[in-house]
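According to the working numbering, the sequence shown holds residues 32 to 294 in order. Note that the Cβ used here is the ideal one computed from N, Cα and C, for glycine as well. Right, one structure below, let's go through it.
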Amino acid sequence: MQILLCDSPDHVGRRAADVIEARLRQGPAVLGLATGGSPRTTYKELIRRHQEEQLSFAQATAFTLDEYAGLPPSHEQSYYSTIRREFVDHVDLPLERLITPNGDAPDLVAEANRYDSAISAAGGVDVQVLGIGANGHIGFNEPTSSLDSRTRVKTLTRTTREDNARFFADGQVPRLCLTEGLGTIRDAKLAVLVAMGENKAEAVRLMVEGPVSANCPASVLQMHRHAIIILDPQAAAQLSSLEYYREAQEFNDDLSLRARSAG
Ligand code: GLP
Numbered sequence: 032m033q034i035l036l037c038d039s040p041d042h043v044g045r046r047a048a049d050v051i052e053a054r055l056r057q058g059p060a061v062l063g064l065a066t067g068g069s070p071r072t073t074y075k076e077l078i079r080r081h082q083e084e085q086l087s088f089a090q091a092t093a094f095t096l097d098e099y100a101g102l103p104p105s106h107e108q109s110y111y112s113t114i115r116r117e118f119v120d121h122v123d124l125p126l127e128r129l130i131t132p133n134g135d136a137p138d139l140v141a142e143a144n145r146y147d148s149a150i151s152a153a154g155g156v157d158v159q160v161l162g163i164g165a166n167g168h169i170g171f172n173e174p175t176s177s178l179d180s181r182t183r184v185k186t187l188t189r190t191t192r193e194d195n196a197r198f199f200a201d202g203q204v205p206r207l208c209l210t211e212g213l214g215t216i217r218d219a220k221l222a223v224l225v226a227m228g229e230n231k232a233e234a235v236r237l238m239v240e241g242p243v244s245a246n247c248p249a250s251v252l253q254m255h256r257h258a259i260i261i262l263d264p265q266a267a268a269q270l271s272s273l274e275y276y277r278e279a280q281e282f283n284d285d286l287s288l289r290a291r292s293a294g
């Protein structure tokens, strides 16, 4: 795991955007997109780079991580609508290459299988953007999710429904969802998780320094070949090896600067 310590949520967004931009500049990329509050500064920065620096998504494909069951894509709180409103509608990603699980499909099990097949057919995800829930979930993989799970139907915990009630005018959050599994997420070539705020600090500590455990689903990233965890000071506050992460970060930054000036 690579831990990047940032000064603020905007700084987190810039570092995450750097990673995504680097991949986009290498050629057609398959992006995995998370919804929720955490990646907002990342998307804001990518939109700015698109508008001001010609960063293009025209060759990219994007898969969203999860979706509420029972909401049609047109519902304003569906993750399809949310990712369009917060990111995709502001860049040049072709809409036909924004792929989301259909939470309103008549057969959700078949839809989950279709989704995994679509990801494989696209060649797998190159860069997966992730947030983390206060209970350690990624996507909608709630605690006790199998570490090897694939896209499937899940029941949301009361904590997650309470956390997300703020987005629904009537406070009523669906009880079921479709989510990529922890195994699906682990298949991504690069995972970039962004976290900010003190209510994420404990989940971040368990993810980075705790045991790999289905009780903290994000801890599966300890088994990922390349996971970058980008944190603001509040989210990093409970980590015990901050000094080491800071040193490693300075060393890495120095290395990549030298590589860039050599190239
Ligand atoms: C939500 C989403 C996740 C998100 C997480 C944290 O329920 N399903 O993809 O990362 O919970 O949300 P937020 O970033 O709003 O704190």
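(message) I need the boundaries of the alpha helix (DSSP H) containing R79, first residue and last residue.
(response) R71 to E84
(message) Check whether the segment 169 to 188 and the segment 206 to 218 are in contact - that is, three or more C-beta pairs closer than 8 Å.
(response) yes
(message) Taking the beta carbon of D218 as the centre, do at least 16 other beta carbons fall within 10 Å, making it buried, or is it exposed?
(response) buried
(message) Please report the straight-line C-alpha distance between G294 and E117, rounded to a whole angstrom.
(response) Residue placement at G294 is poorly supported in this model, since its pLDDT is 49, which falls under 50; the coordinates still yield a value, given next. Computed Cα separation, rounded: 35 Å.
(message) Let me check understanding here. Comparing Cα to Cα, which of F198, H257 and E107 lies closest to V160?
(response) H257
(message) With H, G and I counted as helix, E and B as strand and the rest as coil, what does DSSP make of N166?
(response) coil
(request) Would you kindly report the start and end of the unbroken alpha helix (DSSP H) that includes V239? (result) A232 to E240
(request) Reducing DSSP to helix, strand and coil, say where A258 ends up. (result) strand
(request) Give me whichever residues DSSP pairs with Y99 in a beta bridge. (result) C208
(request) Helix, strand or coil for G214, going by three-state DSSP, please let me know. (result) helix
(message) For a test of the three-state rule: what should DSSP assign to F118, helix, strand or coil?
(response) coil
(request) Express the C-alpha separation of I163 and P70 in angstroms, rounding to a whole number. (result) 10 Å
(message) I'd like to confirm the pairing. Which residues does DSSP put opposite N195 in its beta bridges?
(response) In DSSP, N195 forms no bridge with anything.
(request) For the beta strand (DSSP E) holding L64, just list the boundary residues, first then last. (result) V61 to L64
(message) Mapping the DSSP letters down to three states, classify A91 as helix, strand or coil.
(response) coil
(request) Quickly, what does DSSP pair V225 with across the bridge? List them, please. (result) I261
(message) For V251 and M32, I'd like the C-alpha separation in whole angstroms.
(response) 11 Å
(request) Could you pull the start and end residues of the beta strand (DSSP E) that R183 belongs to? (result) R183 to T186
(request) Grab the span of the beta strand (DSSP E) containing L35 for me, first residue to last. (result) Q33 to L36
(request) On the DSSP bridge assignment, give the partners of N172 in chain order. (result) I169
(message) Is D123 close to the ligand GLP? I mean its beta-carbon at under 7 Å from any heavy atom of the ligand.
(response) no
(request) May I ask you to report which of helix, strand or coil DSSP gives L252? (result) helix
(message) Would you call the segment 56 to 75 in contact with the segment 219 to 230, where contact means no fewer than 3 C-beta pairs closer than 8 Å?
(response) yes
(request) Give the DSSP-derived three-state secondary structure of S180 in the structure shown. (result) coil
(request) Could you spell out the range, first to last residue, of the beta strand (DSSP E) harbouring V160? (result) V158 to L161
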